[in-house]
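So the structure is just underneath, and the comments pick up after that.
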Amino acid sequence: MAPIILVTGGARSGKSSHAEARTRAFPGERIYLATSRVYDDEMRDRIDRHIADRGAGWTTIEEPVNLPAVLDQTDGRGPRLVDCLTLWLSNLMLDGRDWEPAAQCLIETLSRQTSPVILVSNEVGMGIVPENALARAFRDAQGWLNQRVAVIADEVQFVVAGLPLQVKGPPQL
Amino acid sequence: MAPIILVTGGARSGKSSHAEARTRAFPGERIYLATSRVYDDEMRDRIDRHIADRGAGWTTIEEPVNLPAVLDQTDGRGPRLVDCLTLWLSNLMLDGRDWEPAAQCLIETLSRQTSPVILVSNEVGMGIVPENALARAFRDAQGWLNQRVAVIADEVQFVVAGLPLQVKGPPQL
Amino acid sequence: MAPIILVTGGARSGKSSHAEARTRAFPGERIYLATSRVYDDEMRDRIDRHIADRGAGWTTIEEPVNLPAVLDQTDGRGPRLVDCLTLWLSNLMLDGRDWEPAAQCLIETLSRQTSPVILVSNEVGMGIVPENALARAFRDAQGWLNQRVAVIADEVQFVVAGLPLQVKGPPQL
Numbered sequence: 008m009a010p011i012i013l014v015t016g017g018a019r020s021g022k023s024s025h026a027e028a029r030t031r032a033f034p035g036e037r038i039y040l041a042t043s044r045v046y047d048d049e050m051r052d053r054i055d056r057h058i059a060d061r062g063a064g065w066t067t068i069e070e071p072v073n074l075p076a077v078l079d080q081t082d083g084r085g086p087r088l089v090d091c092l093t094l095w096l097s098n099l100m101l102d103g104r105d106w107e108p109a110a111q112c113l114i115e116t117l118s119r120q121t122s123p124v125i126l127v128s129n130e131v132g133m134g135i136v137p138e139n140a141l142a143r144a145f146r147d148a149q150g151w152l153n154q155r156v157a158v159i160a161d162e163v164q165f166v167v168a169g170l171p172l173q174v175k176g177p178p179q180l
Numbered sequence: 008m009a010p011i012i013l014v015t016g017g018a019r020s021g022k023s024s025h026a027e028a029r030t031r032a033f034p035g036e037r038i039y040l041a042t043s044r045v046y047d048d049e050m051r052d053r054i055d056r057h058i059a060d061r062g063a064g065w066t067t068i069e070e071p072v073n074l075p076a077v078l079d080q081t082d083g084r085g086p087r088l089v090d091c092l093t094l095w096l097s098n099l100m101l102d103g104r105d106w107e108p109a110a111q112c113l114i115e116t117l118s119r120q121t122s123p124v125i126l127v128s129n130e131v132g133m134g135i136v137p138e139n140a141l142a143r144a145f146r147d148a149q150g151w152l153n154q155r156v157a158v159i160a161d162e163v164q165f166v167v168a169g170l171p172l173q174v175k176g177p178p179q180l
Numbered sequence: 008m009a010p011i012i013l014v015t016g017g018a019r020s021g022k023s024s025h026a027e028a029r030t031r032a033f034p035g036e037r038i039y040l041a042t043s044r045v046y047d048d049e050m051r052d053r054i055d056r057h058i059a060d061r062g063a064g065w066t067t068i069e070e071p072v073n074l075p076a077v078l079d080q081t082d083g084r085g086p087r088l089v090d091c092l093t094l095w096l097s098n099l100m101l102d103g104r105d106w107e108p109a110a111q112c113l114i115e116t117l118s119r120q121t122s123p124v125i126l127v128s129n130e131v132g133m134g135i136v137p138e139n140a141l142a143r144a145f146r147d148a149q150g151w152l153n154q155r156v157a158v159i160a161d162e163v164q165f166v167v168a169g170l171p172l173q174v175k176g177p178p179q180l
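Protein chains in written order, with my numbering: chain V, 8 to 180; chain H, 8 to 180; chain S, 8 to 180.
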């Protein structure tokens, strides 16, 4: 089976850059699966800048919700970088969808991939308990999802100040 | 002396499951010290579910405040899992009690235990400074308590996505 | 070149104590660079207590904004403990200054130091996305600054419950 790599950390901790570097190390077509929703021109510009920053050699697919389907469709072509699970989960919850079966479907989909998948996710549970009920539900769901992905992942990295701590898998050089 | 193990991490990081696994590895009666307060039927149901999830072989004691006394009373019977220090501290502060002598008493009590104690606690200080003054006081107290327990602990684990990083004590297999 | 050490972690995680211990291990005059602003008598008392706590053998310099200049002025005298980057960045942003060139200037200044610099900084991006726009901008800036300092640092420690995890540099005994 192809490796599944989970890259987690705080906001602006350097998760995406690290995940990109890991993705580049695999052969084949590099596919960037962007889960962010484009709400306005500012966000459109930001995404376009990110695409330009990654440079040539990447295929970008924008899919805010049907992530498992896109993983199955792109399997066999090369490594897929999912950026990020936090936005995907947030899209599901803001749409009022039942996120648990969707998360279960994602886990099953990941388990059958033959090309690598590198997933970026956020740590959101190390602050004070949020007063907002949806925020509390979200941080519970995010923590649960990170644990579930970590179980099937071959490697898990926790990124601090741009530096990856290996929490699962063989030590990195 | 019996080992003292501190298991810390964010919300839904898998701290409790890891702490349960560590507790199961010790011989003797397994005692679960629940510090949560039961405010309503929903919470009662949730606690009863947790008790059922742990399965047979656990004695559950609910004690939101007098944790040191219960530790002394149960010493000698087997490993005690304290879940969690964050709720205990929160109960003290919401009651308007002076938490510092209570925390000092807990440290002294832990130091004299002859049966193992596994303590679950939360990381709450890695978000933006809270606007609420009580929340700021709480995160300061929680950080201080975690440091104090860590000083006397034989092992400290920081759990990320269900995976324990050993921050004190011998490397785990 | 003299070592640059970044000590990061949550609020009340024991970052400052660890950074002080690292600073004490270097020869020469120990210089404490406090970046906090003194808004009132309570803060003045708190700072004076901190100065007393550190004991003799420290020179304290209070500088909330012009950190690079003070680093250059004190170079050659001994190790400098900067406590902390989070307050420095916060001062810049609350003043409405353009923090990016200031951060760039800090990085360049650090790179030319001949005496050690130990920098304390906070992890602020592991909670729920803040509703406040300035708080979001701040956590982005803080994450970016931590990454930039980590690139040029010889060592980076992430402190949990008073215990340093080495994320960059040789393993610590």
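We put the beta carbon where it would ideally sit given N, CA and C, even for glycine.
Since the structure is predicted, the reported quantities are computational estimates derived from the model, not experimental observations.
Presumed contact (8 Å Cβ cut-off) between residue i and residue j, rounded CB distance
i: P86 (chain H); j: I125 (chain H); result: 6 Å
i: G17 (chain H); j: M100 (chain V); result: Actually they do not touch by this definition, with Cβ atoms about 18 Å apart.
i: T116 (chain S); j: D79 (chain S); result: 6 Å
i: V131 (chain S); j: R146 (chain S); result: 5 Å
i: V167 (chain V); j: F165 (chain S); result: 5 Å
i: L96 (chain V); j: A148 (chain V); result: 6 Å
First through last residue of the beta strand (DSSP E) which encompasses residue i
i: P171 (chain S); result: L170 to K175
i: I38 (chain V); result: R37 to A41
i: T121 (chain S); result: It is not in any beta strand (DSSP E) - T121 (chain S) carries neither H nor E in the DSSP assignment.
i: G16 (chain S); result: I11 to G16
i: Q164 (chain V); result: E162 to V167
i: E130 (chain S); result: No beta strand (DSSP E) holds E130 (chain S); DSSP gives it neither H nor E.
i: E27 (chain H); result: Looking at the DSSP string, E27 (chain H) is not in any beta strand (DSSP E); the run it does join, the alpha helix (DSSP H), is K22 to R31.
i: E138 (chain H); result: First-last for E138 (chain H): undefined, no H or E at that position.
i: E69 (chain V); result: W65 to E69
Host alpha helix (DSSP H) of residue i (start-end)
i: D82 (chain S); result: Careful: D82 (chain S) lies outside any alpha helix (DSSP H) and carries neither H nor E.
i: E49 (chain H); result: D48 to R61
i: N98 (chain H); result: L92 to L101
Neighbour-count burial assignment, residue i, 16 or more Cβ in a 10 Å radius
i: T121 (chain S); result: exposed
i: G83 (chain V); result: exposed
i: P137 (chain V); result: buried
i: P123 (chain S); result: buried
i: A109 (chain H); result: buried
i: L88 (chain S); result: buried
i: S118 (chain S); result: exposed
i: R19 (chain H); result: buried
i: Q111 (chain S); result: exposed
i: G21 (chain V); result: buried
i: A160 (chain H); result: buried
i: E162 (chain S); result: buried
i: N139 (chain S); result: exposed
i: A157 (chain H); result: buried
Residues of the segment 153-176 of chain V with Cβ closer than 7 Å to any Cβ of chain S, in chain order:
Cβ contacts with chain S: V167, A168, G169, L170 and L172.
Counting Cβ pairs, one atom from each stretch, are 3 or more of them under 8 Å apart for the segment 40-54 of chain S and the segment 147-160 of chain S?
No, the segment 40-54 of chain S does not touch the segment 147-160 of chain S.
Would you say the segment 24-41 of chain S touches the segment 70-81 of chain S, given that touching needs at least three Cβ pairs under 8 Å?
Taking 8 Å as the limit for Cβ pairs, the verdict is that the segment 70-81 of chain S does touch the segment 24-41 of chain S.
Between the segment 117-146 of chain S and chain H, which residues of the former have CB atoms less than 9 Å from a CB of the latter, in chain order?
Taking 9 Å as the upper bound on Cβ-Cβ separation, chain H lies near residues N129, E130, V131, G132, M133, G134, I135, P137, N139, A142, R143, F145 and R146 of the segment 117-146 of chain S.
Pairing CB atoms from the segment 88-96 of chain V with CB atoms from the segment 12-27 of chain V, are three or more of them under 8 Å?
Short answer: they touch.
Pull out every residue of the segment 49-64 of chain V whose Cβ sits closer than 7 Å to any Cβ of chain S, in chain order.
From the segment 49-64 of chain V, no residue has a Cβ closer than 7 Å to chain S.
Does the segment 159-175 of chain S come into contact with the segment 19-32 of chain S, if we say contact requires no fewer than three beta-carbon pairs (one atom in each stretch) closer than 8 Å?
Three or more beta-carbon pairs separated by less than 8 Å link the segment 159-175 of chain S to the segment 19-32 of chain S, which places the two stretches in contact.
Can we say the segment 52-68 of chain H touches the segment 105-122 of chain H, given the rule of at least three CB pairs closer than 8 Å?
Segments in contact, no.
Residues from the segment 20-35 of chain H in contact with chain V, defined by Cβ distance under 8 Å
Answer set for the segment 20-35 of chain H: S20 and G21.
Looking at chain V, which residues of the segment 85-98 of chain H have a Cβ within less than 7 Å of any of its Cβ atoms?
Those residues of the segment 85-98 of chain H placed with their C-beta closer than 7 Å to a C-beta in chain V do not exist.
Scan the segment 103-115 of chain H for residues whose Cβ lies nearer than 9 Å to a Cβ of chain S and list them as they occur along the chain.
From the segment 103-115 of chain H, no residue has a Cβ closer than 9 Å to chain S.
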